[in-house]
Structures are given as C-alpha cells and as structure tokens.
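Residue numbers (my numbering), protein chains in the order written: chain S, 12 to 304; chain E, 116 to 549.
What follows is the structure, encoded as structure tokens:
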C-alpha cells in the first residue's frame with residue numbers, strides 16, 4: 012500500500028481510538044478533578060456498559076438499530092445508577108479519603124469483574140452495529156460505523172463541555188472542584204455534587220463502551236486496556252482538565268493508530284508510556300493542568 | 116494526603132488472643148472442607164480420577180465450554196459401558212484461566228490435593244508448555260488436546276502425550292500441496308503471536324516451498340488484540356492467498372474487519388477454522404467469506420458421507436447438523452478440535468487396560484503402555500477417522516479436512532491422507548528415564 016492511503020488508514024484508526032478514549036478518560040478526569048478520587052474501577056464500569064449493551068440489544072428483537080439505540084440510552088443510565096449506589100455505600104463512608112478510595116475502587120474493580128464473569132460468562136459476545144455501511148475508498152474499504160463513532164463521540168464531548176461551562180450544574184461542579192469547603196459554605200450541596208459527578212463519570216465510560224462494542228465485542232476482561240490508556244491520557248492532559256483530556260486523547264489515539272499501523276502496536280504502547288514519564292518529569296501537572304494550590 | 120481516619124495505621128489492629136483462636140478454628144475448618152478430604156476407599160472400586168485442566172475463563176473460554184461438554188459425553192459413554200478396568204471414571208475440573216502460570220499450579224493441585232490418576236484436556240499451547248514441567252516433576256501422565264507441535268517436538272517430557280489430535284506441523288505439511296495447487300502460490304500469513312502461532316510461522320514456509328509456493332509476508336497479532344484493521348496494510352498487494360489463523364475472544368472482529376478492508380475484491384482466503392471456532396459463519400459481516408476455504412480437524416457441519424460413528428458422536432456430544440448446541444443454534448461448537456477430547460479419553464482407556472492400571476503407583480506403566488500404542492481404527496471410539504500413533508514422539512497422526520464456505524455452511528471438499536502429514540521424528544521421549 013502507498014504512503015498516502017496508508018497514512019489515511021492509520022489516521023482513521025487513530026481517530027476511532029481517540030474518540031472512545033476521550034470519552035472514557037473524560038469520565039476518569041472529572042471524577043478526579045471534582046472529587047479527588049482515583050477511580051481504579053473506571054475500566055470495569057466501561058466493561059459493564061458493553062456487557063449491558065449486549066444484554067439490552069439481544070433482549071430487543073427487530074432491526075439491530077433499535078436494540079443499539081436502546082442500549083445507547085439505557086446502558087449508561089444503569090451504569091450511572093450502579094455508580095451512584097457504589098458512591099453512597101462505599102466512597103462516602105470513606106469520606107473520599109484519597110488513599111482509602113484507591114483501595115476501595117480496586118475492590119470494586121474485582122467485584123464488578125467477577126460478577127460479570129459469573130452472570131455474563133467468559134465468552135466474547137458480539138453486538139450488531141446499527142447499520143453496516145461499508146465506505147469504499149479506492150485503496151481499501153472502511154466501516155461506516157467506525158466513522159460514526161468519531162462523530163458521536165465529538166457530539167457527546169461538546170455536550171459535556173456545554174454542561175460544564177454553560178449551565179448551573181456545571182457551575183456548581185466547577186465551584187466544588189475549585190474549593191469544596193468554600194462551595195459548601197456558599198450552600199452548594201457538595202455531597203450531592205460528588206454523587207452526581209461519580210455517576211456522570213461512570214456514564215461517560217459506559218457510553219464509550221456502547222459505541223465501541225459493535226466493533227469489538229463485549230468481554231469481561233475488556234476494561235483493562237481502557238483503564239490504562241485513560242490514566243495515560245489523564246496524566247498527560249492534566250488531571251481535571253477537560254481540554255487537556257481531549258487533546259491528550261487525540262494525541263495518544265492518533266499516535267497509537269499511526270505507530271501501530273506503520274510499526275507495531277507494542278511500540279505504540281511503549282511510546283505512550285514514555286510520554287507519560289516525560290510529562291511527569293518535566294510538567295508534573297500535565298500539559299493543560301494547573302499546578303496544585 | 117493525610118491518613119485522617121487511620122486506615123493504614125497498623126498499630127490499631129493488635130492481634131488479641133480471641134482473634135488468634137478464631138483464626139485457628141477457621142484454619143481447622145478449612146482442612147476438613149471438601150477439597151481436602153482424603154479418600155480411604157478400597158482401590159478396586161474407587162473411581163479412576165481424571166484431572167481436567169479446563170479453560171473455563173480467559174481467552175480460551177469458548178473452547179473450554181465445549182471441551183467440557185465433549186469430556187462429559189465421553190465419560191458418560193465410557194462409564195455406561197463398564198468404565199475402565201471395571202472402575203468408574205470421575206472427572207475433576209479445575210479452571211486454569213487459559214494462563215500458563217495458573218496451568219502449572221492446577222497440575223500441582225491435581226497431583227498433591229486431588230491425587231488424580233492423570234491430568235488431561237489442555238488446549239492452548241502456552242498453557243501446555245507452562246504446565247508440562249509441573250507434570251513431569253510430579254511424574255503425572257499429562258494428556259493434552261492442543262494441536263500444537265510442542266509435544267511432537269520432543270521438547271517437553273516423557274509424561275506429556277497428544278494421542279487425540281494431529282499437531283500443526285503435520286496438518287500444514289498435509290495441506291500445503293492443496294493450498295499451492297488450488298488457492299495460490301504467494302501466501303501472506305496472519306497468526307497469533309504466541310507458541311501456537313509460531314508453529315504456523317515456522318512450518319508453513321518450508322512446506323509451501325516444497326510445493327513451489329512462497330510465504331511473502333508474516334504478520335503476528337497478539338491473541339488479546341481487539342482491533343485488527345491496523346495490521347492489514349502490511350499485507351502485500353501481490354498476495355494471492357491470505358492464510359489466517361487467529362484465536363482469542365476477538366476472532367469474529369478479526370474476520371469482520373478483514374471483510375471490511377477487502378470487500379469482494381479480496382485475495383483467496385485459506386483459514387484455520389480457529390479463526391471462527393465457536394462463531395457462526397453466518398454472522399452479519401461475514402458474507403465475504405463465501406467461497407473461501409478452511410481447515411477443519413473434524414467438520415462442523417454434518418456431511419453427506421458421515422459415518423455411523425460420526426453421527427453417534429455428534430448426538431452424544433449434543434450438536435446439531437450445523438455444529439451448534441442442540442436447542443441453541445447460537446451456541447456454536449468448537450467441532451474442529453473437541454473431537455480430540457473424546458478420542459483422547461478412549462486412548463487413555465485403552466492404555467490403562469493394556470497396563471492393567473490400578474492406581475497412581477502404576478503411572479509409569481501407563482506411560483509405557485501408551486507409548487506402545489501404534490494405531491487407532493476409525494469407529495465409535497475414534498469418530499474423526501483412523502489414526503496412527505508414534506510412541507517415540509507421543510503424537511498421533513490423522514486425516515485433515517479442507518472445507519469450502521458455500522451457501523452459509525462448510526462443505527468438506529478435500530480430505531488428506533495420514534501419510535501426507537508424516538514427518539521424520541525430531542527426537543525420542545522413550546530414552547528419557549521414567
């Protein structure tokens with residue numbers, strides 16, 4: 012294959028990775044930014060979204076698009092609800108203590124994973140894409156659905172940005188992030204904001220999983236890679252920075268796509284990890300993060 | 116990051132006498148729990164215990180499910196016919212998570228805790244390679260159904276056998292002439308990046324060269340990969356045949372993305388059915404496979420010339436004419452491999468009867484009796500077909516099927532002969548001490 016089309020394919024693959032990664036990492040970043048909680052179970056919430064998408068889309072007969080759309084709406088809601096319960100039952104009782112919540116979310120990781128294994132099983136199961144249009148380029152064919160993932164993710168990112176910067180809910184969240192004690196003094200129900208943010212973070216992961224599952228199948232171990240990549244993105248972009256997360260996701264996704272197409276996927280992972288090390292050494296707060304006060 | 120609540124303050128959790136006593140009691144309770152029971156039954160009536168190292172979870176889970184069903188069916192048939200040496204057969208299953216480290220632990224558990232007579236049933240080659248030393252150390256006969264060349268390479272040890280399924284080197288050698296003559300001479304290989312894939316990587320090029328063909332590119336993909344399009348640009352444009360063999364949970368994605376990439380203007384495809392084992396070939400997105408060819412150890416779809424033994428085997432295992440579970444057309448079997456479980460158990464039965472096997476003290480006799488076997492005739496015990504067995508390399512040799520995807524099913528178009536797959540032994544296990 013010639014260089015041009017080869018690069019195009021690499022960029023397309025990278026953009027799909029970026030799109031999913033941006034959503035997942037944004038969830039992780041929000042939870043950390045507002046709550047100062049490192050959610051190690053984030054990847055499992057992603058997996059739960061995919062598994063629920065399978066369950067919902069197989070329960071609904073008829074055109075595959077119907078089942079998929081239902082999954083796109085319902086799966087994140089259910090995952091959000093589960094996260095809400097976990098936040099009430101676990102994180103709040105630990106007073107959001109940073110060390111304790113890490114240990115607690117590691118526990119949640121294993122509980123969710125093993126429950127999925129018990130009730131869903133060890134198989135990888137496919138979800139039918141809502142449409143299966145194949146875009147025919149002169150050099151290779153490409154899945155139309157994959158391109159729609161990029162668009163859907165961009166839309167969701169814009170929506171999240173809008174909520175965070177242009178609505179009262181966003182204002183309250185940002186106030187809590189900036190200084191939770193002062194926010195509380197001004198009558199902001201910090202407690203409820205925390206619950207909402209944790210649920211929102213989980214929902215972002217779940218919706219990313221629903222988008223990706225028609226091209227990669229639901230499997231109980233699928234949460235590991237997204238968790239690792241999300242951490243990489245969040246560290247590079249700066250914890251709690253929306254802009255940084257999106258930029259870092261595109262950077263990591265594109266470099267992953269291009270390096271793995273031209274060289275090897277292992278090299279792509281090596282370079283991403285190296286980048287994290289460099290950022291930690293030279294700019295510990297991340298590319299767009301603000302230095303801690 | 117202060118520890119306000121004292122979560123990490125160990126000084127608070129002093130060990131009192133009461134908790135120490137509690138711990139002791141719990142330990143004692145554990146020791147009498149089921150797994151630790153010592154059987155003191157008389158040897159003659161006690162069941163023969165087969166430790167089944169099963170891929171219940173991990174990347175081999177689909178195979179594990181069907182290996183389990185096939186094993187249960189074979190053991191039921193053996194027990195109904197009077198068991199082995201008049202003793203019933205009992206299967207004890209341990210999950211190895213399709214992980215080599217865990218596999219070795221499972222073998223140890225069978226040897227020391229369950230005290231099984233043999234260990235059996237492993238498929239994934241990295242698990243076999245990881246577990247074999249543990250089996251050799253425990254002097255535990257280890258019958259695998261793995262397909263890899265590692266047993267026949269004589270790189271493992273005298274306790275490891277593969278009497279139920281032909282190894283990859285032999286499969287490739289038998290099929291290379293057909294590939295070169297019917298599919299094309301310029302071949303690009305796509306294979307999983309671990310032991311089993313390396314058998315394909317190492318043995319296809321020489322086998323194809325002997326037929327005037329050539330491997331022009333080799334693409335290794337990690338078995339845990341979930342997206343594949345990024346590997347396809349490495350396929351050279353002059354490729355006439357893509358030879359693909361993938362394993363793992365994402366095989367359906369692999370084949371789908373191959374279809375998206377090429378559409379109808381694809382090169383010839385020759386795949387090992389591993390790329391689609393336990394997956395419906397009529398899944399949406401797989402239409403482009405029509406007309407392509409697959410290797411099958413045993414055919415997934417019922418064939419018009421199926422023997423009575425094959426029909427009886429399919430009924431016993433519970434698969435319908437499409438190779439899916441009876442009653443659940445979506446639960447597609449791993450028919451191309453799982454017959455090996457059935458046949459291996461009958462080989463174990465034959466060897467135990469030849470050895471006059473009484474218990475674990477006769478394990479060495481069992482090894483020698485297995486090595487003395489030479490031929491397995493086609494029939495109810497060997498429904499896939501006749502086989503020969505080379506006791507020096509602990510490996511059997513059988514026929515291979517090449518099937519074509521036509522009208523949404525796989526029809527066998529070519530069967531190789533046993534002789535096509537024979538090669539010079541690379542060593543001799545029988546010279547190793549027992």
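Heads up, the beta-carbon is just placed ideally off N, CA and C, and yes, glycines get one too.
Residue 157 of chain S, DSSP secondary structure in three states: helix
Beta-carbon gap between residue 447 of chain E and residue 395 of chain E smaller than 8 Å: yes
Start-end ranges of the beta strand (DSSP E) lying completely within the region 203-289 of chain E, minimum 3 residues: 204-210 and 233-235
If you draw a straight line from the C-alpha of residue 251 of chain S to the C-alpha of residue 39 of chain S, how long is it? 9 Å
Within-8 Å CB hit, residue 219 of chain S to chain E: no
Let me know the secondary structure DSSP gives residue 532 of chain E once reduced to three states. coil
Less than 8 Å between the CB atoms is what I'm expecting for residue 303 of chain E and residue 354 of chain E, so what's the real figure, rounded? 4 Å
Candidates S/78, S/290, S/109 and S/182: closest to residue 224 of chain S by CA position: S/78
Am I right that residue 338 of chain E and residue 307 of chain E are in contact with their C-beta atoms under 8 Å? What's the rounded C-beta distance? 4 Å
Cα-Cα separation, residue 145 of chain S to residue 208 of chain S: 38 Å
Which first and last residues belong to the alpha helix (DSSP H) in which residue 512 of chain E is found? Taken as a continuous stretch (DSSP letters only), residue 512 of chain E belongs to no alpha helix (DSSP H), being part of the beta strand (DSSP E) at 510-512.
Terminal residues of the continuous alpha helix (DSSP H) containing residue 19 of chain S? 14-46
Cβ of residue 171 of chain E less than 8 Å from any chain S Cβ? yes
List, in order along the chain, the chain E residues whose C-beta lies closer than 9 Å to that of residue 17 of chain S? 348
Residues that residue 399 of chain E contacts on chain S, provided the C-beta gap is smaller than 7 Å: 139 and 143
My parser needs the alpha helix (DSSP H) runs of 4 or more residues fully inside the region 354-403 of chain E; what are they? 366-377
DSSP state of residue 133 of chain S mapped onto helix, strand, coil: coil
Where residue 289 of chain S falls, given that 16 or more other Cβ within 10 Å makes a residue buried: exposed
Count the other CB atoms, across all protein chains shown, that sit within 10 Å of the CB of residue 10 of chain S; report buried if there are 16 or more and exposed otherwise. The requested residue 10 of chain S is not part of the displayed model; chain S covers only 12 to 304.
Residue 71 of chain S by DSSP, collapsed to three states: which one? coil
Mind checking if residue 364 of chain E is an interface residue toward chain S, Cβ cutoff 8 Å exclusive? yes
Counting only the same chain and skipping the five closest in sequence on each side, list residues whose C-beta sits under 8 Å from that of residue 232 of chain S. 58 and 124
Does residue 369 of chain E get closer than 8 Å to chain S when you measure Cβ to Cβ? no
Quick one: what does DSSP say residue 444 of chain E is sitting in, helix, strand or coil? strand
Inspect the CB distances between the region 27-39 of chain S and the region 273-285 of chain S and report whether three or more fall short of 8 Å. no
Alpha-carbon to alpha-carbon, residue 112 of chain S and residue 203 of chain S: 18 Å
With a CB to CB cut of under 6 Å and the five nearest residues on each side skipped, what residues in its chain are close to residue 519 of chain E? 408, 526 and 528
For residue 218 of chain E, which of E/169, E/296 and E/348 has the nearest alpha-carbon? E/169
Express the C-alpha separation of residue 245 of chain E and residue 213 of chain E in angstroms, rounding to a whole number. 11 Å
With a threshold of 16 other CB atoms inside 10 Å of the CB of residue 178 of chain S, please say whether the residue is buried or exposed. exposed
Here's the rule: buried if 16 or more other CB atoms are within 10 angstroms of the residue's CB, otherwise exposed. What is residue 76 of chain S? exposed
Taking only the alpha-carbon atoms, compute the straight-line gap between residue 32 of chain S and residue 222 of chain S and give it to the nearest angstrom. 11 Å
To which residues of the same chain is residue 438 of chain E closer than 7 Å at the C-beta, ignoring the five residues directly before and after it? 415, 416, 447, 448 and 450
Per DSSP, what are the beta-bridge partners of residue 434 of chain E in this structure? E/440
Whose Cβ in chain S lies nearer than 7 Å to the Cβ of residue 559 of chain E? No statement about residue 559 of chain E is possible, as the shown extent of chain E runs from 116 to 549 and does not include it.
How big is the Cα-Cα spacing for residue 522 of chain E and residue 400 of chain E? 15 Å
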